[in-house]
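Reviewing the structure listed below.
Numbering (our numbering), first residue to last: 15 to 164.
What follows is the structure in structure tokens.
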């Protein structure tokens, strides 16, 4: 059975994900660093040392084919796709082989702008609609993965 792994550092939908995982009998694993340590009933927690991309490396080494990964990190999403997992962001967007290159390119361009002293607008304030969209998208993904292969 696939698992749901959460890149839990600053993830706003941890509780929603655990609840949906329970409904469908999916194991749920939170991976966070020592600066963002959290424990939730209904989920296993893996705590890693603080460091650049430490959580990402542990997560990508644990992910198996058809696992679901909740992350807002495009680089991690690309690695999950390479391992035939199903990454989804906190707003319900599914990362796919069709959209990941464009997302990585946009991230690269944003980094170039910031490194040259430019400024970019930050993300909009999180709204309740974001959680609703995430929950709907995660439910649909689980249903798709739960269908028997023909």
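Positions of the beta carbon are idealized from the N, C-alpha and C atoms, including for glycine.
None of the values given here were measured: they were computed from a predicted structure.
As assigned by DSSP and simplified to three states, the class of residue i
i	result
residue 58	strand
residue 84	strand
residue 108	strand
residue 150	helix
residue 113	coil
residue 71	helix
residue 138	coil
residue 2	There is simply no residue 2 to check, as the chain begins at 15 and stops at 164 in what is shown.
residue 50	helix
residue 27	coil
residue 15	coil
residue 132	coil
residue 125	helix
residue 77	coil
Cβ-based neighbour list, residue i, same chain, cut-off 6 Å, excluding 5 preceding and 5 following
i	result
residue 42	18, 32, 35 and 57
residue 70	90
residue 44	20, 22, 57 and 59
residue 99	77, 81 and 83
residue 149	30
Bridge-paired residues (DSSP) for residue i
i	result
residue 21	45
residue 102	84 and 108
Burial state of residue i, where buried means 16 or more other Cβ atoms lie within 10 Å
i	result
residue 78	exposed
residue 104	buried
residue 67	exposed
residue 137	exposed
residue 93	buried
residue 152	buried
residue 73	buried
residue 106	buried
Neighbourhood of residue i by C-beta, 7 Å cutoff - its chain only, sequence neighbours within 5 removed
i	result
residue 25	84 and 104
residue 87	21 and 70
Residue i: CB within 7 Å of a non-hydrogen atom of the ligand NAP
i	result
residue 44	With respect to small molecules bound, the structure shown includes none, and the ligand NAP cannot be examined in it.
Contacts around residue i, its chain only, beta-carbon distance under 8 Å, and the 5 residues preceding and following it disregarded
i	result
residue 108	100, 101, 102, 151 and 155
residue 165	In the structure displayed, the chain extends from 15 to 164; residue 165 sits before or after that span and is not available.
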